[in-house]
Each structure stands twice: as C-alpha cells, then as structure tokens.
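Protein chains in written order, with the working numbering: chain G, 1 to 491; chain L, 1 to 209. All residues carry an ideal CB built from backbone N, CA and C; glycine is no exception. Read the structure below first, then the notes.
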Amino acid sequence: MIITKKIIAGVSAAVMALTLLTTTLSATSYVSYNYDDWGDPIPSQAGYTASRAVTGVEIGVGNFYEPADLYIDADDLLYIADRKNNRIVVTDLDLNLVRIYDTFIYEGEETFLNEPQGIFVDDNTGHMYICDALNDRVIKSDKEGNIELIFTKPDSILYGAETTFNPFKVCVDQSGNVYVVVKSVNRGAVMYDNEANFLGFYGANTVLATSEVIANAFWNLISTEAQRIRTAKSTPVSFTNFDIDGQFIYTVTETTTTTDDQVKKLNPRGDNVLDAIEMAGANFGDIDPAYYSIYTVANAMTDIDVDENGTMTLLDFNHGRIHQFDKNGWRLFLMGGIGWQLGQFQSAAAIETRGDKIYVSDIRKNTITVFNRTVFGELVTAAAQKFTDAEYAQSKEMWEEVLRYDGNYLRAYTGIGLAYLFDKNYKPAMENFRIALNQYYYSQAFEGYRNNILRENFSLIVIGLFVIVVGVFAYRFYRKRHPKKKKGEGA
Amino acid sequence: MLDYNNPRFVGHVLAHPFEGFEDLRWKKQGSLAIATAVVVLFFLATVAEDQVYGFQFYVSYDKIFNIVPFLVQTIILFLVWVVANWAMCTLFDGEGTMKKIFIYSAYALIPYVACTLIGTLLSNYFVRDEYIFLETIEYIGLAWSGLLVITSQKAVHQFTIKKTLLLILLTLLAMLAILFLLVLLLTLFQQVIIFVLSIYTEISYRFRV
C-alpha cells in the first residue's frame with residue numbers, strides 16, 4: 001500500500017518536473033532573462049520564441065547575400081534589401097515570395113541597384129525609397145519599378161563639397177520630407193523636401209561633457225597649433241538607423257562611448273522627448289555588458305522598430321540581442337544572443353515588427369529569423385497596453401495572471417499597486433509598490449494611508465494634545481507651589 | 001546653578017557649545033561609559049538609517065547585508081580619529097589625554113547621532129513632498145556636531161581657535177595615513193597567509209605519495 005503510494009508520488013513528481021521543465025524552458029536556445037529594479041539580471045519567461053530562420057532558397061529566390069534592411073508596409077508586405085545581390089525581395093508576412101525588384105526604369109532607360117542599404121515604403125503614397133549606396137543616390141520609385149525622383153548629394157555649401165554621399169538608411173515623414181542617414185555626415189540626417197531639395201540636417205547627436213572631453217578642452221587652451229592638430233577631436237557620432245512613427249522619429253546610435261544618445265525619440269523640432277519620461281541617456285541595452293578576459297562588449301544598437309502602440313524594439317548588434325520597451329520606456333522583453341542556433345545571430349542587421357511577430361535579418365547567416373510572441377508575451381503586452389492607457393483597474397487581473405507565470409516580473413506589482421491606489425485601497429497598494437521598489441507611487445499611497453489614519457483618529461489626537469498641554473501647565477503650577485528641594489539642603 | 005556632578009552635564013555641554021566643554025574640563029567631568037554608549041549609538045544609528053529609513057526616500061540594496069562597512073564607517077573611523085588626534089596633539093603641546101579626547105569627541109557627536117535617529121524615525125511618517133523637513137533636521141545635526149567638534153578640541157587641548165583648526169586638518173591627514181597603513185597591513189597579512197597556505201598545500205601533496 002505504502003509502496004504503491006510512493007511509486008505514484010514519485011511518478012507524479014517526475015511528470016510534474018518534466019512539464020515544469022518544458023514550460024519554463026519554452027525551447028529557446030539562449031537564457032531568457034529580464035532585469036530587476038536593481039539592474040541585476042534575473043531569469044524570466046520568454047516573451048518571444050524564434051519559430052524559424054528562413055533562407056532565400058526556402059523563399060525560392062536563391063540565397064540571400066547580406067540582407068541589410070527590412071521594411072513592412074501597410075499592406076503587410078515585407079521588403080528585404082538583399083544588399084550584395086543588388087535587389088529588393090518582397091514577401092508576405094509568412095515569407096512567401098511576392099515579387100523581386102532588380103531593374104528600375106528611369107526616364108525610359110533601365111537602371112540597376114548597386115548594394116541597396118536601406119528600404120522604406122511611404123504608406124501614404126505607396127512609393128518605395130531605396131538607398132542605392134554604391135550609386136550614391138536614393139531613389140523614389142512606384143510599386144511598378146518606375147523611378148520618379150532621385151535624391152543625390154546636396155549641392156549646398158552647408159553640406160560641403162568634399163563630403164561624400166553614401167546613403168545608408170532612409171525614412172519619410174507624413175508631410176513627405178525625406179530623411180537620409182549618410183555615414184560620412186555626423187550632423188544628423190540629411191533632410192530633403194518631397195521634390196528632392198536639400199533642407200538641412202535633422203536631429204544631430206551631441207558631445208556629452210565627459211571628463212575626457214573637458215580635459216581635452218583644457219589642453220586645447222594651452223597647447224600650440226601644431227599640438228592641437230594632433231589631438232583627437234571630440235565629435236558627435238552620427239546615428240546609425242531610425243524609424244518613424246507618426247510624428248516622431250526614433251534614432252539609434254551604434255557606436256557610443258556613453259549611453260547618451262544611444263536611443264532618441266525626436267519630435268519634428270529635433271528635440272529628444274525621452275527627456276520627458278526621464279529615459280534620455282538611459283541604458284536601453286544590456287545593463288551589464290558581456291565581459292571577456294581582455295575586453296568588454298559594449299552595446300551597439302543597430303536598428304530600431306516602433307509599432308503603432310509606440311513599443312520600441314531595439315536590435316543590439318554586438319550581443320545579437322533584441323530589447324523591447326513599451327512607449328513609456330518600461331522594459332518588456334529581452335531575447336537572442338550570439339550563435340548559430342535558431343534565435344541567435346552572427347551579424348544582426350535589421351529588425352521589423354508587425355503584430356505578434358518580429359523579423360530579424362542577419363548578414364552573416366543570410367537568413368530572416370521570425371520570432372513569435374508566446375502566451376506570456378501576449379499577456380504582458382496586453383497588460384502593458386492597458387497600463388499605458390491608464391486603465392489600471394482593468395489591467396489588475398492581467399498582471400495577476402502575469403505573476404502566475406513569472407513572479408519575478410516586477411512591473412506587474414506596480415500595475416497591481418496602481419489599481420489598488422486608484423481604488424483608494426492604500427494598504428495593499430503600498431505593499432505592492434514596496435515589492436516593485438517603486439518609491440514614487442509608494443509615497444503617494446502612503447500619503448493617502450496616513451490621511452485616512454489621521455482622519456479616523458482625529459478626535460483622539462485632539463483630545464490627546466489637549467491633555468498633554470493641560471498636564472504641562474498643571475505640573476508647572478504645582479511646582480511653583482511646591483518648589484523642588486535642592487540636594488543636601490534637607491527637609 | 002547647574003548641578004555639575006550629574007550625568008546631565010551632557011545636556012549642559014550640548015546647550016552651551018562655546019563654554020560647555022571648558023566647564024566640563026574645569027569640573028573634571030565626563031563619563032567614559034556615556035561616551036562609549038554614544039559611539040555604539042552612532043554605529044546603531046548608521047545601521048538604522050540604512051535599514052529602516054522610510055522606503056519612500058531611500059531603498060537599501062537588501063539582497064546583501066554586510067555589517068563590516070558600517071563598523072568601519074563608524075566605530076573604527078571614530079577610533080582612528082581619536083588616535084590620530086592624540087598623535088597630532090602631542091606634537092602641538094596639546095593638553096588632551098587619549099581618554100579625554102575620546103570622551104570629548106564622543107560628546108560632540110551626540111547632536112549628529114540624535115538627529116540621525118530622529119530623522120530616521122520621522123522618515124517613516126513623511127511623504128516625498130515633505131523631504132525638506134528631514135533634510136533640515138539632518139543639516140542641523142551636522143552643523144551642531146561640527147561646531148561642537150571644534151569647541152571640544154579647543155577645550156581639550158587648550159588651544160587658540162587658529163591652532164585648533166590646524167590640528168583638525170592635520171588630524172584628518174593623519175587619519176588618511178593611518179587608514180592607508182591599515183589597508184597595507186591587511187594586504188600584507190593576506191599575502192603571508194596565502195604564502196603559508198601554499199607551502200602547506202605543497203607539503204601535503206609531497207607527503208601523500
């Protein structure tokens with residue numbers, strides 16, 4: 001009897017352990033983690049899992065050769081800038097071939113691409129913008145391959161006659177202004193109007209006043225002209241890539257010595273609005289970069305994609321990792337890594353998202369990797385959306401469900417706490433903010449809690465104060481009548 | 001008149017920053033027990049400030065709690081101050097003995113310790129908007145203690161104010177030197193221990209065969 005019980009218990013424990021294993025690992029080739037509020041990495045559930053890595057052969061167009069850029073347009077078509085094959089491959093979201101652009105017609109003559117680096121489709125007009133890098137031009141073409149306009153090196157004193165023009169990435173805003181990232185320009189993106197007239201530069205990075213920069217400025221004051229020429233100049237790094245969402249342009253900078261300007265969200269004036277939510281200069285990548293025995297791997301944000309909810313998905317080239325943040329800068333998920341397995345990258349180049357899918361191109365593996373959102377990811381995304389829309393009461397149950405999957409997901413506690421706070425249920429709100437280490441909201445909840453206590457015990461407090469004051473006066477009066485005898489003076 | 005034979009002399013010292021310590025010296029008062037209690041309280045207040053300060057103002061890294069940094073920041077630092085001050089005052093013909101320096105310096109610390117404890121207690125009842133009150137309490141404690149340190153040094157060594165300030169500066173430098181030597185000594189001992197251990201390991205391997 002006892003033995004059979006033991007066997008049953010053992011078997012069920014083994015089964016449970018197995019199911020636990022399969023559900024927690026959720027079949028990723030890398031460790032799935034997140035960061036707690038101390039900035040320490042903690043294990044977490046995967047928000048996305050890589051479902052497949054598609055080669056050009058599988059699509060039926062022959063192998064890709066360095067797919068450098070991706071873009072998904074309003075018709076759910078995926079554009080792949082297949083750089084070294086000098087073509088643009090268009091597929092649907094399940095990566096079935098739609099068509100290939102390799103020949104374009106300009107003023108009645110055929111013209112070809114030479115290493116297209118960037119692709120953008122203007123959803124308002126349906127035009128494609130392609131950075132034709134080695135031809136030193138950006139072409140604007142309709143969907144049939146007829147080039148309507150060519151953007152070339154600006155003939156302006158502002159641009160400089162000696163500066164080369166090698167377009168890298170392109171995007172177009174709602175009023176038809178065209179922004180081109182040029183590698184040899186560090187004053188921001190080159191900006192054209194919709195008739196290819198040069199307008200100026202947009203959204204330059206700044207030089208942060210680090211100790212090194214200040215020291216250089218000091219030495220420059222006292223050094224001679226000859227010495228000054230030989231010292232390294234402190235110039236801003238040009239940003240690497242961008243994405244546009246409504247009126248905001250998001251830029252990422254791959255090589256920075258500081259986290260300043262790593263990710264920027266620019267309004268039409270060119271101001272970084274991440275300042276407003278205290279996320280300017282925040283570390284959007286891995287908080288602890290990978291250390292090897294002789295060198296540190298810095299974060300290198302190579303591409304960004306922003307969806308219609310303002311969710312930012314960033315691609316870190318050096319760590320081969322994807323970082324997802326919501327509109328207000330809360331960290332959602334991390335995934336990926338360096339390697340050859342599914343979901344890992346050698347040279348991740350471009351990222352695009354649509355719905356619950358993430359597409360990443362790799363120019364060394366020559367594949368497009370597709371990530372699918374997991375059940376957990378779906379849940380967190382939905383709860384985060386409610387959170388962003390300030391519908392805290394509705395998001396409470398969702399966050400509780402999130403905690404059932406992953407008790408380490410600290411943001412859920414803030415979500416639950418806010419639901420309690422808006423419900424004027426201060427005590428549990430405080431407890432939740434405490435776990436989430438959210439001092440700001442804790443203080444607000446505590447203020448309400450304190451006011452409640454003061455209000456409930458108001459009469460008691462007033463009576464107590466009254467008794468104390470009266471007592472002190474009575475004591476003084478008594479002492480005056482009966483002075484204390486000094487020591488040694490005797491009675 | 002004040003009762004000079006009373007432990008309440010502490011109160012007299014605190015309330016009369018400019019002559020309190022002179023009176024203390026004149027009446028040959030000051031208790032080693034109270035001074036020790038103050039130093040222990042100094043340590044406890046520092047720990048309390050880190051551990052039970054209002055969550056809305058300060059979060060301590062609670063994954064690890066290590067008592068050693070607190071000991072070094074308070075008790076060891078205070079003892080180093082006393083030793084350095086004593087060492088320096090002998091060069092300057094100061095009149096303080098080691099015991100007197102210990103007692104007077106500990107008395108001078110009382111406002112800081114008290115304000116830290118009061119601030120820590122109150123921080124649990126204030127919200128973030130009211131942080132200015134806590135800050136004020138903290139600054140009052142610091143300023144008061146700072147003043148008392150100067151007057152206590154002046155009284156214990158019977159110096160002019162100029163000489164007192166110079167002595168304090170030199171004491172701080174001497175503290176740095178002492179701490180530097182302590183670290184050096186620790187490192188040295190570590191090396192010696194490693195050396196002995198590796199010899200032991202080596203020998204134990206030889207004898208095993």
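DSSP, reduced to helix, strand and coil, places residue 178 of chain L within a helical segment of the structure shown. Residue contact with chain G for residue 128 of chain L: present (Cβ-Cβ distance below 7 Å to some residue of chain G).
At least 7 Å separates the beta-carbon of residue 304 of chain G from that of residue 320 of chain G. Under DSSP, the beta-bridge partners assigned to residue 33 of chain G are G:43. Here residue 191 of chain G is buried, its C-beta having at least 16 other C-beta atoms within 10 Å.
Exclusion of the five residues before and after residue 254 of chain G leaves 240, 300, 301, 302 and 317 as the residues of its chain whose Cβ lies within less than 7 Å of its Cβ. For chain L, the residues of the segment 444 to 455 of chain G that bring a beta carbon within less than 8 Å of one of its beta carbons are 444, 446, 447 and 450, in chain order. Residue 483 of chain G sits exposed, since fewer than 16 C-beta atoms from the chains shown fall within 10 Å of its C-beta. Rounded to the nearest whole angstrom, the CA to CA distance from residue 126 of chain G to residue 143 of chain G is 7 Å.
Around the beta carbon of residue 156 of chain G, fewer than 16 other beta carbons sit within 10 angstroms, so the residue counts as exposed. Under the 10 Å beta carbon count, residue 191 of chain L is surrounded by fewer than 16 other beta carbons and is classified as exposed. Burial check for residue 183 of chain L: the Cβ neighbour count within 10 Å stays below 16, so the residue is exposed.
If the five residues before and after residue 182 of chain G are omitted, its C-beta is found closer than 7 Å to the C-beta atoms of 165, 166, 167, 168 and 190, all from its own chain and listed in chain order. Interface residue (Cβ-Cβ distance to chain G less than 7 Å): residue 55 of chain L is classified as such. By the CB criterion at 7 Å, residue 111 of chain L and residue 144 of chain L fall inside the cutoff.
Here the alpha carbons of residue 106 of chain L and residue 265 of chain G stand approximately 55 Å from one another. The alpha-carbon of residue 131 of chain L is positioned some 48 Å away from that of residue 175 of chain G. Note on residue 377 of chain G: 16 or more other CB atoms within 10 angstroms of its CB, so buried under the neighbour-count rule. Approximately 26 Å separates the beta-carbon atoms of residue 118 of chain G and residue 333 of chain G; this is outside 8 Å, ruling out the contact. The C-alpha of residue 131 of chain G lies about 7 Å from the C-alpha of residue 170 of chain G. Taking 7 Å as the CB threshold, residue 59 of chain L lines the interface with chain G.
Interface residue (Cβ-Cβ distance to chain L less than 7 Å): residue 442 of chain G is classified as such. Interface residue (Cβ-Cβ distance to chain L less than 7 Å): residue 437 of chain G is classified as such. Of L:103, L:200 and L:9, the smallest CA-CA separation from residue 156 of chain L is found for L:103. The Cβ atoms of residue 402 of chain G and residue 412 of chain G sit closer than 7 Å to each other. Short of 7 Å from the beta carbon of residue 118 of chain L, and not among the five residues preceding or following it, lie these beta carbons of its own chain, in chain order: 137. In the displayed model, residue 260 of chain G falls within coil according to three-state DSSP, outside both helix and strand. In the DSSP assignment, residue 377 of chain G falls within the unbroken alpha helix (DSSP H) covering 375 to 388. Only those residues of the segment 405 to 439 of chain G whose C-beta falls short of 8 Å from the nearest C-beta of chain L are listed: 434, 437 and 439. Following the DSSP letters along the chain, one finds residue 335 of chain G inside the beta strand (DSSP E) bounded by residues 331 to 336.
Nearest to residue 110 of chain G by alpha-carbon distance, out of G:32, G:147, G:128 and G:194, is G:147. Residue 84 of chain G is not a Cβ neighbour of residue 106 of chain G, given a cutoff of 7 Å.
In this structure, DSSP gives residue 406 of chain G a state outside helix and strand, which the three-state scheme calls coil.
Residue G:207 holds the alpha-carbon nearest to the alpha-carbon of residue 281 of chain G among G:310, G:336, G:207 and G:450.
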